[in-house]
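Everything on this sheet refers to the single structure shown next.
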Amino acid sequence: MSKLLKNTDVLSGLFVLAIAAFFLIGGRNYEIGTLEEMGPGFVPLLLGSVLAALGVVLLVQGAATQATGLTVSGNWAIGPMILILGAIALFAFTLRHVGYVAACAMVVAISGLAAPDRRMREILIEAVLLAAISALLFVEAIGMPMPLFPWSN
Amino acid sequence: MELLSNLALGFGVALTPANIAYCFAGALLGTLIGILPGLGPVATVAMLLPVTYALEPTSALIMLAGIYYGAQYGGSTTAILVNLPGEASSVVTCLDGYQMARQGRAGQALTVAAIGSLVAGCFGTLMLAASATALASVALSFGAAEYFSLMLLGLIAAVVLASGSVVKAIAMIVTGVLLGIVGTDINSGVERYTFGIFELSDGVDFVVVAMGVFGLTEVLKNLERVSSRDLVTTEITSLRLDREDVRRAAPAIARGTLLGSVLGILPGGGALLSSFAAYTLEKRVSRRPQEFGKGAIEGVAAPESANNAAAQSSFVPMLTLGVPANATTALLMGAMMIHNVQPGPKVMDSNPELFWGLIASMWIGNVILVILNLPLIGIWVKMLKIPYRVLYPAIVVFVTVGVFSIQNSTFLIYVMLFFAVFGYVLSKLNFEAAPLLLGFVLGPLLESNFRRAMLISAGDATAFLTRPVSAALLLTALFLLVLLVSPSFRRRREEAFQGE
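Residue numbers (the numbering used here), protein chains in the order written: chain A, 1 to 153; chain B, 154 to 653.
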């Protein structure tokens, strides 16, 4: 069983089925309409079903080749994912409150930690430089509507 | 003769100082980012798309096209100098290009790649200009049923010509179309899959999807291990080709150009397929096949010409039929729609300045690329030495601010984060992201043409088969699918993508 769950095709099949389920369940209340005058629900239902069928094909393929099939390679960048995506979310969340300069420096500093060969001094220097240069470029030169500092606007 | 007057119109537009500047800026930025590790042409175009939103449509497209072939070209440079293909289509260039560089002939490899690309780019663009009018006039007579069948054929062909599992690629197309449905249904006004979120009522911006699935996913993939790059340490001594080099490279460039121009029109892996095909062809016609893989100049000249010719001719289906052939042209098509230009057979008549200006700018762009690349190669070599750990935080900042700038709101940043996770899981499960993007961009068109065709035929689904053009297109699609099931074709397809 555990081997089955490491098979790429089995996992892919489950993933595709999950996507199909999302669209089929999420769209269950949309009107189907008739073949001549289709409602908003017709195409989602049609494609959701096709997708579900493809998911089953993948699942069966994977189960049939479970001994020989590809297994998902072990190296998942979970740490980098949390650091980088977390840093970006933090940027989006705090931009209005702390201003672009601080938010940008934070993104660089936090996402910089994700590199396996990171060097702390490099990260700090880069955070300061990138925040300054991109602030000048995006906010001052292009004029994007972001506050530079907490006390701006 | 009509072609000449059209091209004259095009050059009139492309040669204005502003448009030359945008073309130059595009080629420069594209080369710059294409040379930096870890960003392919799709991610590069997606990242720089928001920059062009403020420009007027013609300038925006000229700049974006410049970014596209600049990035493509930058990928070849890294293939030769560090044995790292910037993208799939320069994988083949690595084989002999890197060997040449190790033998101290990096300069010659770069020169032959540049000249090959220039020749191919000019010829491919000419092909594009010549075939555009004819194709568009055919497509002008298309009704909803024909359009639907054409798009379906385009998507299926993209799957057949791409590498990897066919079932997975089709699943990605369908997922893409479904994601494209998110937003307000134009026929009924009903909001679908928006869950009451106001920002989703216009649908998800394709740049957000591309930045998540291509930009951030690539960053995450690169961080799975410490990146090491074997930069060729020998200095680039001379860029000059000797007589023997020219004698061997010239016919290879000609063959690669022809092959690429034809194959590039096909949907899917145009550039990828043509570079593999060109390499295989060269090896076959060469009197010294044993030299391939050990630094044969033909092994650089042919695939480089082929993939650049294909890059130009892959604009044909997107510009004339409104059916993009690969992920990058899908992005460009999305960019056109943002500027309220609907790609398809009518563009030529409704926006002749844009259409012919874009085509003419490709010639200018190809010349700019050679100027940028050969004399300035020293600068690019220095850029190659920037370690990835310094580079990716800057990518992260740029991607984030770029997505923010689309609507000046932080909401889309969260949507991008969702697509980053989604894209990363997909890549771990060996799904390709390109068909997803194709399906996403074509989805709304596919649905509306399907529904319109069914309305016209009063609910009779056989209309797709009783209208001759539509039937022919669908039968071709079916034929391609049947081919895929046949074992001998499958084996060949796998071999073709193995690349030696």
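C-beta: ideal position from N, C-alpha, C; glycine also.
- With respect to the C-alpha of VAL366(B), the residue from VAL552(B), ASN504(B), TYR541(B) having the closest C-alpha is VAL552(B).
- Under the three-state reduction of DSSP output, GLY183(B) falls in the helix class.
- Among the CB atoms of chain A, none fall inside 8 Å of the CB of PHE429(B).
- Beta-bridge analysis with DSSP links GLY448(B) to no other residue.
- With contacts defined by Cβ atoms closer than 8 Å, ILE186(B) and ALA218(B) do not form a contacting pair.
- Counting along the chain, the unbroken alpha helix (DSSP H) around GLU506(B) starts and ends at 505-526.
- Taking a beta-carbon distance threshold of 8 Å, SER134(A) counts as an interface residue toward chain B.
- Scanning chain A for C-beta atoms nearer than 8 Å to the C-beta of TYR577(B) yields ALA77, MET81, reported in chain order.
- Looking at the DSSP output, GLU344(B) sits in a beta bridge with THR337(B).
- For ALA611(B), the C-beta contacts it makes with chain A under 7 Å involve GLU36, in order along the chain.
- Residue environment for LYS538(B): exposed (fewer than 16 other C-beta atoms within 10 angstroms of its C-beta).
- DSSP places ARG605(B) inside the alpha helix (DSSP H), whose first and last residues are 587-609.
- Within chain B, no residue has its beta carbon less than 8 Å from that of ARG28(A); the closest one is some 12 Å off.
- For ASN493(B), the secondary structure class from DSSP, reduced to helix, strand or coil, is coil.
- The Cβ atoms of ASN460(B) and SER242(B) lie closer than 8 Å to each other.
- The C-beta of PRO210(B) has 16 or more other C-beta atoms within 10 Å across all chains shown, which makes the residue buried.
- Contacts with chain B (Cβ-Cβ distance below 8 Å) from the stretch 110-122 of chain A involve SER111, GLY112, ALA114, ALA115, PRO116, ASP117, ARG118, ARG119, GLU122, listed in chain order.
- Interface residue (Cβ-Cβ distance to chain A less than 8 Å): TYR346(B) is classified as such.
- When C-beta atoms of the stretch 561-581 of chain B are compared with those of the stretch 130-138 of chain A, fewer than three pairs fall below 8 Å, so the two segments do not count as touching.
- Beta-bridge pairing by DSSP links GLY33(A) to MET38(A).
- CA-CA distance, VAL245(B) to ALA430(B), rounds to 10 Å.
- In the assembly as shown, PHE15(A) is a buried residue. Its beta-carbon has 16 or more other beta-carbons within 10 Å.
- Across the set PHE301(B), GLU377(B), SER427(B), the C-alpha of GLU377(B) shows the shortest separation from the C-alpha of ILE78(A).
- Note that the C-beta distance between LEU162(B) and TRP509(B) is below 8 Å.
- Straight across, the Cα-Cα distance linking THR473(B) with TYR100(A) is about 43 Å.
- Per DSSP, the unbroken alpha helix (DSSP H) holding TYR226(B) starts and ends at 210-235.
- The alpha-carbon of VAL399(B) is positioned some 14 Å away from that of VAL272(B).
- If you look at LYS581(B), you'll find it in the alpha helix (DSSP H) that goes 564-581.
- Here THR410(B) is buried: its Cβ has 16 or more other Cβ atoms, across all protein chains shown, within 10 Å.
- The way I'd put it, the stretch 485-497 of chain B doesn't touch the stretch 433-447 of chain B; fewer than three beta-carbon pairs between them come closer than 8 Å.
- The C-beta distance from MET364(B) to GLY592(B) rounds to 17 Å, too long to meet the 8 Å contact threshold.
- Interface annotation, PHE149(A): not in contact with chain B, CB-CB separation never under 8 Å.
- At least one C-beta of chain A is nearer than 8 Å to the C-beta of TYR567(B).
- Using a Cβ-Cβ cut-off of 9 Å, LYS321(B) is close to ASP9, SER12, VAL16, LEU54, LEU58 of chain A, given in chain order.
- Chain B has no Cβ within less than 8 Å of the Cβ of MET106(A).
- For ALA135(A), there is no enclosing alpha helix (DSSP H), as DSSP gives it neither H nor E.
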